[in-house]
Every structure is written in C-alpha cells, then in structure tokens.
Amino acid sequence: MTIPIHIHKLDTRGFLCPIPIIKLKKLVDGLDIEDGGKQIIKLYSDDPVSDVDVRAWCLDNGQELGGLEKKGKDFIFKIIVRI
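And the structure:
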C-alpha cells in the first residue's frame, strides 16, 4: 500500500517574526490526517531570524525539520509534520 504524501506550501515572505510562526502553527493545527498520509510543509520566508525561529518551533512542537535551503534572501524550510 502506498502512503499518500501531502505537500503544503506556506509563503510568509514579507512578514517578520512572529507572523511566519503564527501562520505555520495555524496550518499545522488545521491539517487533515484522516487518510494516514505524510504531511510536509514547505515554508518560504525572507525573515532573517526565521532560521532560528523555525528550528526552535519544530523542536518545541515535536516536528521534524527535514531540510533547509537558502536562495538569496529566502529560506525554504521542509517541515515533516508529526501529529
């Protein structure tokens, strides 16, 4: 059986802390996990402190930071949601 993978894109570019974290929490809280699928969030941020904030949020909330890319001023986080 194949486990479905759901990728959610969250673009928080243009917002400073704490808005990216608030939007991330709201998205995670609203995820539907009834099909047992894997939930991945790709969070885009240009907030210079988002690197620290997103890492801390993942650690504090039991989520996994599965990857981080930096392209110019933008951070692209891959967050694997564990509900």
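Every number in my numbering is 534 more than the matching position in the sequence shown, counting from 1. Note that beta-carbon positions come from the ideal geometry of N, C-alpha and C, so glycine has one too. Note that the structure is a prediction, hence the values are computed from the model and not measured.
beta-carbon residue i near the ligand MG non-hydrogen atom, thresh 7 angstroms
i, result
"R589", "You won't find the ligand MG in this model; it holds no ligand whatsoever."
Beta carbon of residue i nearer than 8 angstroms to that of residue j
i, j, result
"D585", "I555", "no"
"C592", "I567", "no"
First through last residue of the beta strand (DSSP E) which encompasses residue i
i, result
"D545", "539-545"
"I574", "572-579"
Neighbourhood of residue i by C-beta, 8 angstroms cutoff - its chain only, sequence neighbours within 5 removed
i, result
"R616", "G596, Q597, E598"
"G600", "I574, K612, I613, I614"
Simplified DSSP state of residue i, which is helix, strand or coil
i, result
"Y585", "Note on residue identity: the sequence assigns Asp, not Tyr, to residue 585. Helix, per DSSP."
"D608", "strand"
"L550", "coil"
Identity of the residue in the options nearest residue i by Cα
i, options, result
"K607", "H540, S579, A590, I537", "S579"
"F611", "G548, P538, I575", "I575"
Residue interval of the alpha helix (DSSP H) (run including residue i)
i, result
"L513", "The structure shown has nothing for residue 513, since the chain only spans 535 to 617."
Close beta carbons around residue i, own chain, < 7 angstroms, minus the five adjacent residues each side
i, result
"K557", "L544, T546"
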